[in-house]
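**Q**
Number of protein chains: 2
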Amino acid sequence: MTERDETAGDERDASLHQTILADIEGRIISGAWPPGHRIPFEVDLAAAYGCSRMTVNKVLTQLAKSGLIERRKRSGSFVRTPTSQAAVMEIRDIAAEVAALGLAYGYRLVRRGRRKATAADRARLELPAGGTVLHLVCLHSAGPEPFCLEERIVNLAAVPEAEAEDFSAEAPGVWLLRQVPWSSAEHVVRAVEADGETAELLAIRPGRACLVVERRTALAGAFVTHVTLTYPGHRHALQARFTPAQARAPT
Amino acid sequence: MTERDETAGDERDASLHQTILADIEGRIISGAWPPGHRIPFEVDLAAAYGCSRMTVNKVLTQLAKSGLIERRKRSGSFVRTPTSQAAVMEIRDIAAEVAALGLAYGYRLVRRGRRKATAADRARLELPAGGTVLHLVCLHSAGPEPFCLEERIVNLAAVPEAEAEDFSAEAPGVWLLRQVPWSSAEHVVRAVEADGETAELLAIRPGRACLVVERRTALAGAFVTHVTLTYPGHRHALQARFTPAQARAPT
DNA sequence: CAGTGGTCTAGACCACCGC
DNA sequence: CGGTGGTCTAGACCACTGG
């Protein structure tokens with residue numbers, strides 16, 4: 004297995020590390036090696052790439068540190084389920100977010116529709132003209148109270164399977180997390196005043212400050228989805244811890 | 004130089020990597036090796052730690068990737084000026100933030116005082132009772148308009164030199180950046196409604212939504228400063244890009 | 001042009017853990 | 001017990017670059 008043409012194209016002056024790294028990474032984000040897949044052992048990879056084991060080890064160590072794979076002694080190395088973003092900004096799974104507060108999570112689909120991409124849609128997803136998107140509005144609640152309003156558009160060209168889903172029982176974020184093997188994301192955080200509909204759905208007064216997190220998610224260069232999450236400002240804060248050095252096994 | 008007692012205490016079962024890494028990192032964040040300092044060459048470090056050059060190389064490579072040092076061929080490796088946090092969330096230097104918008108930066112000290120740490124101060128900096136803090140309120144402007152209101156407390160036990168500064172011409176953030184060799188930080192982002200004084204200073208109507216970024220900065224286990232930055236919500240957004248794998252030389 | 005970091009090798013030993 | 005990843009070695013060659 005894992006035989007490779009090592010002169011794959013634009014890898015002309017890259018180091019051996021980077022060539023192998025890009026190769027393996029490509030297989031993971033493309034879904035060729037889906038989450039849970041066991042990747043070949045170091046010895047086999049070394050043989051396949053025609054290099055020493057240490058070189059492969061360096062690559063796998065880096066992949067493990069960046070969260071793409073998990074390494075288990077005796078068992079091998081496995082592609083991880085994408086959760087590393089959550090470690091940075093824990094807004095990936097709202098249900099988990101609510102559960103962490105010790106509250107009961109609730110979900111309700113407010114609106115669902117398919118439409119030709121508007122100018123705003125195209126800007127958000129960097130779509131060419133003529134694309135179609137799925138438009139979703141959902142409400143997440145924590146205990147008896149609204150927790151977060153989600154407005155989402157999904158690029159149907161990138162995820163055509165989404166059209167068959169009705170999202171009445173499952174939040175689109177969770178569903179997408181399953182569908183898309185891996186992705187990168189851009190975030191924007193703002194403070195806004197609640198407009199009429201937002202205020203009504205969130206059960207707050209219009210004009211109250213809300214924290215808005217916008218995220219768009221890309222896979223292999225194309226944007227898959229854009230989501231706007233609106234939290235009542237007085238009930239929510241984002242937290243993050245940064246250290247110059249990346250996380251390491253603490254002393 | 005660089006002679007070390009390699010059995011420094013709680014490094015009993017750590018790998019050789021981690022021992023060396025922790026040691027060098029400690030010298031940097033403690034200020035023993037200040038920004039700009041050239042650290043010993045790989046060969047010398049290997050000799051000092053009694054290991055092979057590759058082991059040292061692994062450590063230095065990791066330090067470089069995490070942003071603590073910069074490596075230059077032929078010159079050696081140098082302790083970097085702390086800017087890696089800015090790469091993650093670019094709110095470290097407000098002057099640069101304003102300049103990036105193409106606007107003229109302005110700074111004004113609104114209030115300055117020294118006080119026994121209040122209960123709120125102690126909570127924010129995790130201070131023991133009886134500590135004293137410097138309390139500062141400053142206004143940053145972009146062009147003719149207020150840009151950001153800064154309210155800051157500085158732990159005088161950690162940075163006694165701050166008491167001699169009046170901060171009338173230089174923002175405390177910039178000054179601290181020079182004083183403190185390295186640090187880690189915790190951020191909290193919220194949306195709030197402007198109260199009376201905030202609104203007046205920011206030249207907005209009371210009740211308008213504002214984006215609030217709180218940051219506290221730690222050095223070697225002790226908190227140095229806590230700052231609350233309040234931005235008019237309609238004029239400011241935080242942006243961040245996350246990728247599962249850490250940044251690498253792109254293809 | 002000499003010394004630096006960047007990279008790679010061909011081994012080696014070890015701890016651990018699933019078979 | 002055997003195979004896995006984790007770690008380390010004692011070299012080596014190269015590209016680059018600053019003195």
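Chains as they are written, first to last, in the numbering used here: chain R, 4 to 254; chain A, 4 to 254. Glycine residues also receive a C-beta, built at the ideal position from the N, C-alpha and C atoms.
Rounded to whole angstroms, what is the Cα-Cα separation between Gly-163/A and Gly-105/R?
**A** Reading off the sequence shown, one finds Pro at residue 163/A, where the question assumed Gly. Between Pro-163/A and Gly-105/R, the C-alpha separation is close to 42 angstroms.
**Q** Roughly how far, in whole angstroms, is the beta-carbon of Glu-153/R from the beta-carbon of Leu-232/R, given that I think they are within contact range, below 8 angstroms?
**A** Glu-153/R to Leu-232/R, Cβ: 6 angstroms. Contact.
**Q** For the candidate residues Pro-149/A, Asp-26/A, Leu-159/A and Ala-67/A, whose alpha-carbon lies nearest to that of Pro-131/A?
**A** Leu-159/A
**Q** In chain A, which residues lie less than 7 angstroms from Ala-194/R when you measure between Cβ atoms?
**A** Ala-194, Ala-212, Cys-213, Leu-214 and Gly-236
**Q** Report the residue ranges of all beta strand (DSSP E) runs contained in full by the segment 127-209 of chain A; include only those spanning at least 3 residues, in chain order.
**A** Restricted to the segment 127-209 of chain A, the beta strand (DSSP E) segments that are unbroken, complete and at least 3 residues in length are 135-145, 148-158 and 187-196, listed in chain order.
**Q** Which whole-angstrom value is the C-beta distance of Tyr-234/R and Cys-151/R, which I expect to be below 8 angstroms?
**A** 5 angstroms
**Q** Ignoring anything shorter than 4 residues, give me the alpha helix (DSSP H) runs that lie fully in the segment 31-119 of chain R, in order along the chain.
**A** 45-52, 56-68, 87-91 and 97-103
**Q** By Cβ distance, which residues of its chain are closer than 6 angstroms to Arg-238/R, with the 5 residues on each side in sequence left out?
**A** none
**Q** Which residue from Leu-71/A, Ile-97/A, Val-227/A and Ala-126/A puts its Cα closest to that of His-40/A?
**A** The shortest Cα separation from His-40/A among Leu-71/A, Ile-97/A, Val-227/A and Ala-126/A belongs to Leu-71/A.
**Q** Kindly indicate which residue of Val-216/R, Val-230/R and Phe-226/R has the alpha-carbon position closest to the one of Glu-129/R.
**A** Selected option, being the one with the closest Cα: Phe-226/R.
**Q** What number of angstroms, rounded off, separates the C-alpha of Tyr-110/R from the C-alpha of Trp-185/R?
**A** 25 angstroms
**Q** Count the CB pairs spanning the segment 60-80 of chain R and the segment 29-48 of chain R that are closer than 8 angstroms, and state whether there are at least three.
**A** yes
**Q** In whole angstroms, what is the alpha-carbon distance linking Arg-74/A and Val-62/R?
**A** 20 angstroms
**Q** To which residues does DSSP link Val-215/A through a beta bridge?
**A** Arg-193/A and Thr-233/A
**Q** Counting C-beta neighbours from all protein chains within 10 Å, is the total for Gly-176/R 16 or more, i.e. buried, or is it exposed?
**A** buried
**Q** According to the neighbour-count rule (16 or more other Cβ atoms, all chains shown, within 10 Å of its Cβ), is Ala-90/R buried or exposed?
**A** Residue placement at Ala-90/R is flagged as unreliable, the pLDDT there being 41, under the threshold of 50; the coordinate-derived value follows with that caveat. By the beta-carbon neighbour count (other beta carbons within 10 angstroms, threshold 16), Ala-90/R is exposed.
**Q** For Val-157/R and Val-46/A, what's the separation of their Cα atoms in angstroms?
**A** 54 angstroms
**Q** May I ask you to report which of helix, strand or coil DSSP gives Thr-228/A?
**A** strand
**Q** With DSSP as the reference, identify every bridge partner of Ala-221/R, one or two as the case may be.
**A** Ala-221/R pairs with Ser-187/R and Phe-226/R.
**Q** What number of angstroms, rounded off, separates the C-alpha of Arg-193/R from the C-alpha of His-143/R?
**A** 19 angstroms
**Q** I'd like the list of long-range same chain contacts for Thr-220/A, defined as Cβ closer than 6 angstroms, with 5 residues on each side in sequence excluded.
**A** Closer than 6 angstroms at Cβ, skipping near neighbours: Ser-186, Ala-188, Val-227 and Thr-228.
**Q** From the DSSP output, read off the bridge partner residues of Leu-241/A.
**A** Val-192/R
**Q** Quick one: residues in its chain with C-beta nearer than 7 angstroms to the C-beta of Ala-67/R, no 5 flanking neighbours on either side, listed in chain order?
**A** Glu-73 and Arg-74
**Q** Hey, would you say Glu-166/A sits closer than 8 angstroms to Trp-178/A, going by beta carbons?
**A** no
**Q** State yes or no: is the C-beta of Pro-37/A within less than 8 angstroms of the C-beta of Val-82/A?
**A** Cβ atoms of Pro-37/A and Val-82/A: closer than 8 angstroms.
**Q** With H, G and I counted as helix, E and B as strand and the rest as coil, what does DSSP make of Ala-17/A?
**A** coil
**Q** Spatial neighbours of Glu-217/R within its chain, please: C-beta separation below 6 angstroms, excluding the five flanking residues on both sides.
**A** Val-191 and Thr-231
**Q** Out of curiosity, what's the CA-to-CA distance linking His-138/A and Ala-102/A?
**A** 27 angstroms
**Q** In three-state DSSP terms, what is Thr-254/A?
**A** In this predicted model, Thr-254/A has a pLDDT of only 27, less than 50, meaning its place in the structure is not dependable; the value taken from the coordinates is given anyway. Looking at Thr-254/A - three-state DSSP - the assignment turns out to be coil, as it is neither helix nor strand.
**Q** Just to confirm before moving on: does the CB-CB distance between Cys-141/R and Leu-180/R stay below 8 angstroms?
**A** no
**Q** By the three-class DSSP mapping on this structure, what secondary structure does Thr-22/A have?
**A** In the structure shown, Thr-22/A sits in a helix (DSSP, three-state: H, G or I).
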